[in-house]
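Residue numbers (full-length UniProt numbering): 1 to 634.
Here's what the structure looks like:
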């Protein structure tokens with residue numbers, strides 16, 4: 001699924017998944033009005049049926065092809081002086097074919113062409129301290145995939161996508177043997193990173209504030225974006241090559257994590273494919289260096305994970321009971337997400353980030369499905385907190401989030417009311433001494449939610465909290481405060497000590513994105529600060545930046561943009577390294593290697609998928625964790 005954090009400086013402190021196909025090839029490859037807020041301090045359901053009309057939700061999930069050049073916006077209210085920098089938002093903004101004669105469209109919210117929205121706060125030339133001066137701009141990422149769709153005379157190019165490409169007249173998937181074949185070929189050219197933005201230079205004084213942001217997705221593609229004009233500096237179909245490369249990195253999570261013990265380092269978890277099959281890895285990236293941390297964990301199938309957790313010393317990877325189904329016909333008809341297979345267990349792996357050793361690898365019978373990690377801590381035990389589900393409906397169900405062919409048009413509201421009510425707090429606690437795992441669902445909190453953040457979500461070094469989970473969690477929630485309508489959205493502040501809603505912001509027809517916490521450097525409590533959220537007002541039919549007091553959830557400032565932006569997803573960060581283009585070597589051998597390995601797959605598939613015959617498991621069925629050797633099939 002799909003978030004932003006304040007970028008720049010602060011006073012004192014501050015499935016699109018198209019490369020899944022790569023495993024088949026084994027490639028390398030108006031007036032300004034203030035919003036008021038509604039506050040509640042309990043989880044008691046509130047009757048809002050007569051108050052909330054929730055109009056024009058469909059605007060929020062429809063094409064918005066216009067772009068906005070950098071312009072100054074009026075601020076209503078006051079943005080605190082410590083809020084300095086640039087907030088960027090990433091998400092899809094075009095799902096249909098550019099050629100009006102082509103009757104094709106993507107059918108899933110996660111497949112839209114990436115478009116960046118940027119709010120520069122305190123960016124006036126006269127005074128960088130003037131936080132009530134906000135500059136705004138939007139621009140599509142000029143990926144090769146974007147160019148293909150804009151220039152195509154034949155509709156949307158074949159590929160592997162989250163949902164199927166549909167014929168907009170029949171509302172049926174566009175399928176066929178030729179399209180399936182070309183989808184595999186085109187997969188290695190996919191470079192539309194429409195999910196997240198990250199700062200790989202944080203804490204590196206030599207590279208910091210270079211004016212470059214990196215856009216990400218679940219698959220390896222990246223794009224480097226100019227913070228100045230949102231121009232696309234470079235795109236890639238692959239992550240930077242690791243210093244200790246062992247195979248093809250098929251995907252990595254869209255939610256990297258900063259090191260909690262040092263600044264300037266980023267960890268991520270992913271799946272690497274070699275001749276000895278798929279393996280779960282953790283990578284560490286700092287400056288121009290990127291390496292696999294220690295050992296990798298073998299698998300006989302390909303798991304899907306969207307996020308993971310890092311505390312001071314450990315990385316915790318929870319592999320939910322879903323595995324990719326690589327049948328190209330099924331993926332073409334359903335999209336890769338709904339095509340996934342459900343298995344009977346959850347697998348939890350804990351990596352020691354210092355030694356690189358796997359210190360826990362446990363299968364549990366309890367099924368835990370999720371997109372997003374909330375926090376992770378360490379002590380005598382290692383704990384990870386998730387926004388989780390007991391069934392996979394949110395990911396793979398008939399009414400999963402968010403099928404555009406169901407959620408738009410006639411019957412759209414009725415179909416949206418069939419979408420999951422949201423996640424539940426779930427703590428997984430691992431005892432590294434005896435290898436036991438405990439699962440605790442916090443079902444006292446009945447409000448469903450998604451896109452959770454805390455004060456410490458993007459902290460690193462001494463700013464990180466690793467000894468306990470944060471007390472307060474902020475997120476959006478549909479079916480807000482007991483409403484029976486999915487379109488009733490709100491921003492919530494959850495108190496995890498009292499297990500209740502501490503406060504919330506809710507307005508009729510206001511659809512908020514993921515909140516971003518900006519800490520008050522002079523504050524004394526965990527909730528001293530503000531939340532930033534880009535909202536769409538269905539009554540005004542206009543997008544705005546909302547600034548909320550993180551303690552009370554009351555509105556501090558509203559910045560109207562005069563235009564409409566679609567639903568955005570994940571969190572921007574600080575500025576990555578300027579001019580970093582670590583991809584050309586991979587691109588040189590990507591296509592030739594893809595073709596040659598495809599031949600190997602056709603002739604040696606049985607040997608490749610029989611992982612036990614490749615020595616990946618010992619005679620006692622214990623894991624034989626890889627230390628870096630590529631094993632060729634015999």
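The beta carbon of each residue, even a glycine, is placed where N, CA and C say it ideally should be.
Query: How far does the alpha helix (DSSP H) with residue 558 in it extend, from its first residue to its last?; Result: First-last for residue 558: 555-560, but that is the beta strand (DSSP E), not the alpha helix (DSSP H).
Query: Could you give the first and the last residue of the continuous beta strand (DSSP E) run that contains residue 152?; Result: Residue 152 -> no beta strand (DSSP E), and no H or E assigned at all.
Query: What did DSSP end up calling residue 376 once you bin it into helix, strand or coil?; Result: strand
Query: Restricting to Cα atoms, I'd like to know which of 519, 59 and 282 is closest to residue 84.; Result: 519
Query: Nearest to residue 489 by alpha carbon, out of 405, 416 and 460?; Result: 416
Query: Taking the DSSP output, what are the residues bridged to residue 179?; Result: Residue 179 is not bridged to any residue.
Query: In three-state DSSP terms, what is residue 531?; Result: strand
Query: Restricting to Cα atoms, I'd like to know which of 461, 426 and 73 is closest to residue 445.; Result: 426
Query: Could you give the DSSP three-state label for residue 418: helix, strand or coil?; Result: coil
Query: Under DSSP, the beta strand (DSSP E) around residue 512 begins and ends at which residues?; Result: 510-512
Query: Thinking just about the alpha-carbon of each residue, which of 120, 342, 117 and 98 is nearest to the one in residue 146?; Result: 98
Query: Between residue 386 and residue 394, which are expected to be in contact by the criterion C-beta below 8 Å, what is the C-beta distance as a whole number of angstroms?; Result: Between residue 394 and residue 386 the Cβ distance is about 13 Å, and since that is not below 8 Å, they are no contact.
Query: Which of helix, strand or coil does DSSP assign to residue 597?; Result: Low per-residue confidence applies at residue 597: pLDDT is 38, beneath 50, and the placement is therefore not dependable enough to give any value.
Query: Out of 451, 461 and 456, which has the shortest C-alpha to C-alpha gap to residue 478?; Result: 451
Query: Please report the Cβ distance between residue 562 and residue 542, rounded to the nearest whole angstrom; I am assuming they are in contact, meaning their Cβ atoms lie under 8 Å.; Result: 7 Å
Query: Which one of 164, 292 and 213 has the shortest CA to CA distance from residue 201?; Result: 213
Query: In the DSSP assignment, find the alpha helix (DSSP H) that holds residue 338 and state where it starts and stops.; Result: 328-339
Query: DSSP three-state label for residue 574, please.; Result: Legend: pLDDT at residue 574 = 29, less than 50; position of this residue unreliable, no value from coordinates given.
Query: One question on the structure: do residue 239 and residue 191 come within less than 8 Å of each other, judged by their Cβ atoms?; Result: no
Query: Restricting to runs no shorter than 3 residues, where is the beta strand (DSSP E) found entirely within the region 247-296?; Result: 248-252, 266-274, 277-286 and 289-292
Query: Check the C-beta distance from residue 259 over to residue 166 and give it rounded, since I have them as a contact under 8 Å.; Result: Not quite, the Cβ-Cβ distance comes to about 43 Å (not below 8 Å), so this is no contact.
Query: By Cβ distance, which residues of its chain are closer than 7 Å to residue 334, with the 5 residues on each side in sequence left out?; Result: 164
Query: Unbroken beta strand (DSSP E) runs of length 3 or more, entirely within the region 67-119: which are they?; Result: 68-73, 85-92 and 104-106
Query: Below 8 Å on the Cβ atoms is my contact criterion, and I expect residue 328 with residue 302 to pass it. Report the Cβ-Cβ distance as a whole number of Å.; Result: Not quite, the Cβ-Cβ distance comes to about 14 Å (not below 8 Å), so this is no contact.
Query: Can residue 114 and residue 72 be called in contact, C-beta distance under 8 Å?; Result: no
Query: Determine which residues share a DSSP beta bridge with residue 519 and list them.; Result: 529
Query: Residue 664 and residue 469: beta carbons closer than 8 Å?; Result: Summary: the structure shown does not reach residue 664, with the chain confined to residues 1 through 634, and so no result is reported for it.
Query: So for residue 196, helix, strand or coil by DSSP?; Result: strand
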